[in-house]
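>
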Amino acid sequence: MSWEILWRHTGRGVIFVALCGLTFVVCFPLVWALSTSLKPKSEIFATPPTLVPKAPTFENYAALVTGRPQYFQSGGQQVDTGATPAQFFTRWFLNSLLVTLGSTVISIVVSTLAAYSLTRFRYWGRTFVPYFSLLGYMVPSIIFVFPLFLMMVRLELTDTLLSLVLGYVSITLPFCMWLMWAFMRSIPIEIEEAALVDGATRLQVFRDVVLPTALPGIIAAAIFAMIVSWNDYLFGRVFLNSLDNLTLTVGVMLFFEGTHVDWGLLMAACVLMTVPMASLFMGLQRHLVAGFGAGAVKG
Amino acid sequence: MDVSLEVINKSFGSVRVLKDVSLKFPSRKFVTLLGPSGCGKTTLLRMIAGLETVDSGIIRFGEKVVNRLAPRDRNIAMVFQSYALYPQMSVGQNLAYGLRVRGTPKEARAAAVERVARILEIEHLLDRRPAQLSGGQRQRVALGRAMVRKPDIFLMDEPLSNLDARLRITMRAELRRFHLDLGATTVYVTHDQLEAMTMSDHVAVMNGGIVQQFGSPAEVYGRPANLFVAGFIGSPPMNLIHGAVELENGAPTFASEHARVSLRHLANRVHAGQRVVLGARPQDLRLVPSAAEGNAHGRVWVVELVGSEKLVDVDLGDKRRLTVQVRADAPVLEDEAVHVGIDPHDVHVFDAETAQRVSGRESAVPPFPGSEPLGRREHFRPIATSWRD
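Just so you know, the protein sequences line up as chains A and B, in that order.
Here this note's numbering is used: the first residue of the first sequence is 1, the next is one more, and so on.
Here this note's numbering is used: the first residue of the second sequence is 300, the next is one more, and so on.
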């Protein structure tokens, strides 16, 4: 009995401490990146290392946002290194944004309509298409990337953002469709029939009844598509070539090239890369679960 | 607006769910499709709504054939079993949706919603979402959504089945009253015979995709057309005893191992040697004091008190039982030997081969006004012959 009480009191504490530790481990790289990005060059390699910068500076962020060429000290002399990754940062950011939005919009529109068709109309193949498409997603994308690249060559689309949009759609669409299919299946068909009887056309039913009810599913699929497109490195590396067309993931790797790595700049770029997805996720996660089909039918 | 169904057939894959269904629902009447689950009643309703295609046959609203009309062009309203409220819209928006998609101006919409909300006493709920309503409130909103457009025909698919027993009784009366006030033709689907009996002007009893009988509640109760209707309608259910007709002193008599009842008054309808089924409602049976007065004899198996009455299950032997309804204060004890009196004029006789009604209890049924031309004769007879399919 005393063991039971002891466990009840200490058990929670132990679990709490363990979870705190786990959270710290998971968050540490991000915290360290943030900390490094705010440090002046002199402090980055200081011993002992500091978690909170002693003299915080935004110079790294300023360099990235304004595209100011970076100089580095060599024997007390400032040397112009020519074109640097920092100068392209805003351009790459915009590229990533365009590619992510493009592939997400296409994936969502196509997968939503496809899922609606798969769940509401009767035709041959509608039962196995969703499973088959999920299977497609389970194949590693490295298997797709070279055939796709060869197709892009034939289409003369290599080194364009469009090629990347198409490439991302080919990996996000199957999973988005499966997700929307599973979601649409759970929407009771009676509410659509009620709208039909009320006088709505098929298109009105889709717009007024199906879409609002499917919104949590659409948001989930969109978040998935955005994360995949935003974080992809492989497709960007293979499809793109010229500096102007790179996306963030590929571009940030260039910070490593050469003999010198500006860690402060690199970490600032990483933090800026993380911000859009993190804020998007925090803003939308509420909608993921809220109000899903509640009260439509007997609950 | 009257609704006629002419020789409707429907199959899902290899399953025939409706077989040559012909019915005519008169204008402004409350008609119920009653039957066990899987009898095709909901499919029939969905065909009237236009949500299901018709394999063969004609559906008319008035004179107009509507087979190929979309639901929106039929001027109907439907209340679904699950209510099917739009989850993302407020109650007010739910009510107004039908008017909105039909292009009714905003002011007229607001006025219509307000009128319906007042009638249904849901004015205080207009801003809530369906998820925030109780079952009864949702039911009212679903009803309101159907009422708001003033449809010609009201279709209801078991709208009370998700409510608790007490609310169901209240809503039964309210639905009947709404029907009278609105003056639209109402087609109501249920498997609950009590709902059918209490609310309807006409009842179509269905089984196995076939209309077994179409008539007033009093008719289907008092003159069941066949064994299925006899067994399905009435609670507690009718006692059915299998036997044959014998001649006793020149008069036909129903005879089975356990019971004998004179069928003298049916002399011209039955013949000796005919295998028949005798139906007798528990209310029409009596416990009699002497063996000489009794038509069946047995031992009380169990006694159930149901409020003002007692249901006495009498074991006739071979696990054959008769249910007799007696007054609650009747002194009946379990295991007691009893005699059951059966008044020949209260029994229903069915042919055991065809399962059709032979005759019996003619005078006890008051003809229901307006029901006769509808044709129990025209409609149930040709289709009811094969109800066992």
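C-beta atoms are modelled at their ideal positions from N, C-alpha and C, and glycine is treated no differently.
Keep in mind that this is a model prediction, so the values were computed, not measured.
Report the three-state DSSP secondary structure of valine 14/A (helix, strand or coil).
Here the question's residue 14/A lines up with position 14 in the first sequence. The answer is helix: DSSP assigns valine 14/A an H, G or I state.
> Alpha carbons only, please: which of Asp372/B, Val330/B and Arg626/B is nearest the one belonging to glycine 606/B?
Residue 606/B sits at position 307 when you count from the first residue of the second sequence. Out of Asp372/B, Val330/B and Arg626/B, Arg626/B has the C-alpha closest to the C-alpha of glycine 606/B.
> Could you name the residues of the stretch 387–414 of chain B whose beta carbon sits closer than 7 Å to any beta carbon of chain A, in the order they occur along the chain?
Within the stretch 387–414 of chain B, the qualifying residues are Gln387, Tyr396, Gly397, Val400 and Arg401.
> Is proline 56/A helix, strand or coil when you go by DSSP?
Along the first sequence, read from residue 1 onward, the residue named residue 56/A stands at position 56. Here proline 56/A sits in coil by DSSP.
> Report the rounded CA-to-CA distance for proline 429/B versus glutamine 436/B, giving the unit in angstroms.
One-based indexing of the second sequence puts residue 429/B at position 130. One-based indexing of the second sequence puts residue 436/B at position 137. Going by the C-alpha atoms only, they are around 9 Å apart.
> Buried or exposed: alanine 278/A, going by 16 or more other Cβ atoms within 10 Å of its Cβ?
As a first step, residue 278/A must be located in the first sequence, where it is residue number 278. So alanine 278/A counts as exposed.
> Does the structure place the stretch 490–501 of chain B close enough to the stretch 471–482 of chain B that three or more beta carbon pairs sit under 8 Å?
Result yes; three or more Cβ-Cβ pairs closer than 8 Å.
> How about tyrosine 487/B: is its C-beta nearer than 7 Å to some C-beta of chain A?
As a position in the second sequence, residue 487/B is number 188, starting the count at 1. With 7 Å as the cut-off, tyrosine 487/B does not count as an interface residue toward chain A.
> Would you mind reading off the limits of the alpha helix (DSSP H) that contains proline 327/A?
Nothing in the structure corresponds to residue 327/A, since chain A is present only between 1 and 299.
> In whole angstroms, give me the CA-to-CA distance for glutamine 285/A and alanine 220/A.
Mapped onto the first sequence, residue 285/A falls at position 285. Mapped onto the first sequence, residue 220/A falls at position 220. If I take the Cα positions, the gap works out to 8 Å.
> In whole angstroms, what is the alpha-carbon distance linking isoleucine 452/B and arginine 126/A?
Counted from its first residue, the second sequence places residue 452/B at position 153. Counted from its first residue, the first sequence places residue 126/A at position 126. One C-alpha to the other measures close to 35 Å.
> Using the Cα positions of leucine 459/B and alanine 383/B, report the straight-line distance between them to the nearest angstrom.
In the second sequence, residue 459/B corresponds to position 160, counting from 1. In the second sequence, residue 383/B corresponds to position 84, counting from 1. Whole-angstrom Cα-Cα distance: 13 Å.
> Where does tyrosine 487/B sit, in a helix, a strand or coil, going by DSSP?
Residue mapping note: residue 487/B aligns to position 188 of the second sequence, counting from 1. Of the three classes helix, strand and coil, the one that applies to tyrosine 487/B here is strand, per DSSP.
> Consider the Cβ of isoleucine 218/A: report whether some Cβ of chain B lies at a distance smaller than 7 Å.
Residue 218/A sits at position 218 when you count from the first residue of the first sequence. Output row for isoleucine 218/A: interface = no.
> Quick check on the DSSP output: the beta strand (DSSP E) that includes asparagine 308/B runs from which residue to which?
By one-based count along the second sequence, residue 308/B stands at place 9. It spans 302–311 - the beta strand (DSSP E) in which asparagine 308/B sits, taken as one unbroken run.
> Can you give the beta carbon distance from alanine 33/A to methionine 267/A, rounded, assuming they're within the 8 Å contact cut?
Working through the first sequence from its first residue, we reach residue 33/A at position 33. Working through the first sequence from its first residue, we reach residue 267/A at position 267. 4 Å between Cβ atoms; contact.
> For the stretch 359–386 of chain B, list every residue whose C-beta sits within 7 Å of some C-beta in chain A, in sequence order.
Listed in sequence order: Pro370, Arg371, Ile375, Ala376, Met377, Phe379, Ser381, Tyr382, Ala383, Leu384, Tyr385 and Pro386.
> Let me know the secondary structure DSSP gives proline 147/A once reduced to three states.
Here residue 147/A corresponds to residue number 147 of the first sequence, with the count starting at 1. Note: proline 147/A maps to helix in three-state DSSP.
> What does the Cβ neighbour count give for methionine 180/A, buried or exposed, with the cut at 16 atoms within 10 Å?
The count along the first sequence starts at 1 and reaches residue 180/A at position 180. Classification of methionine 180/A: buried, given that the 10 Å Cβ count is 16 or more.
> Less than 7 Å between the beta carbons of tyrosine 116/A and methionine 184/A, yes or no?
Against the first sequence, residue 116/A aligns to sequence position 116. Against the first sequence, residue 184/A aligns to sequence position 184. Yes; because the gap between Cβ atoms is below 7 Å, this pair is in contact.
> Could you name the residues of the same chain whose beta carbon sits closer than 7 Å to that of leucine 419/B, not counting the 5 residues immediately before and after it, in chain order?
Here the question's residue 419/B lines up with position 120 in the second sequence. Around leucine 419/B: Arg439, Leu442 and Gly443.
> In this structure, does DSSP put arginine 476/B in helix, strand or coil?
Here residue 476/B refers to the residue found at position 177 of the second sequence. In the structure shown, arginine 476/B sits in a helix (DSSP, three-state: H, G or I).
> Can you name the residues that DSSP bridges to arginine 359/B?
By one-based count along the second sequence, residue 359/B stands at place 60. Ser303/B and Val364/B.
> Tell me lysine 323/B's beta-bridge partners as DSSP assigns them.
Taking the second sequence and counting its residues from 1, the one referred to as residue 323/B is at position 24. According to DSSP, lysine 323/B bridges with Ser303/B.
> List the residues of chain B whose Cβ lies closer than 9 Å to the Cβ of threonine 213/A, in chain order.
As a position in the first sequence, residue 213/A is number 213, starting the count at 1. The answer, in chain order, is Tyr385, Pro386 and Gln387.
> Please tell me whether asparagine 60/A has its Cβ less than 7 Å away from any Cβ of chain B.
Your numbering for residue 60/A matches position 60 in the first sequence. False, the Cβ-Cβ gap to chain B never drops below 7 Å.
> Kindly confirm or deny that the stretch 409–419 of chain B and the stretch 301–318 of chain B touch, where touching means at least three C-beta pairs closer than 8 Å.
No, the stretch 409–419 of chain B is not in contact with the stretch 301–318 of chain B.
> What do you get for cysteine 20/A, buried or exposed, if any count of 16 or more other CB atoms within 10 angstroms of its CB means buried?
Working through the first sequence from its first residue, we reach residue 20/A at position 20. It is exposed - the Cβ of cysteine 20/A has fewer than 16 other Cβ atoms within 10 Å.
> Return helix, strand or coil for aspartate 628/B, following the three-state DSSP convention.
For this step, residue 628/B is matched to residue 329 along the second sequence. The answer is coil: DSSP assigns aspartate 628/B none of H, G, I, E or B.
> In whole angstroms, give me the CA-to-CA distance for phenylalanine 513/B and lysine 323/B.
As a working note, residue 513/B is residue 214 in the second sequence. As a working note, residue 323/B is residue 24 in the second sequence. Going from the Cα of phenylalanine 513/B to the Cα of lysine 323/B covers about 9 Å.
> Consult DSSP for arginine 345/B and reduce its assignment to one of helix, strand or coil.
Your numbering for residue 345/B matches position 46 in the second sequence. Here arginine 345/B sits in helix by DSSP.
> I'd like to know whether the C-beta of glycine 199/A is nearer than 7 Å to at least one C-beta of chain B.
Translated into the one-based positions of the first sequence, residue 199/A becomes position 199. Judged by the 7 Å Cβ criterion, glycine 199/A is in contact with chain B.
> Under 7 Å Cβ to Cβ from leucine 234/A, same chain only, skipping five residues before and after it: list those, please.
On the first sequence, residue 234/A is found 234 positions in, with the first residue counted as 1. Around leucine 234/A: Ser141, Ile142 and Val145.
> To the nearest angstrom, how far is it from the Cα of tryptophan 92/A to the Cα of proline 49/A?
Taking the first residue of the first sequence as 1, we reach residue 92/A at position 92. Taking the first residue of the first sequence as 1, we reach residue 49/A at position 49. Computed Cα separation, rounded: 31 Å.
> Using DSSP's beta-bridge definition, name the partner residues of threonine 158/A.
To locate residue 158/A, count along the first sequence from 1; it is residue 158. According to DSSP, which records beta bridges pairwise, threonine 158/A is partnered with nothing at all.
> Consider the Cβ of valine 209/A: report whether some Cβ of chain B lies at a distance smaller than 7 Å.
Sequence index remark: in the first sequence, residue 209/A carries index 209 (1-based). It does; some Cβ of chain B falls within 7 Å.
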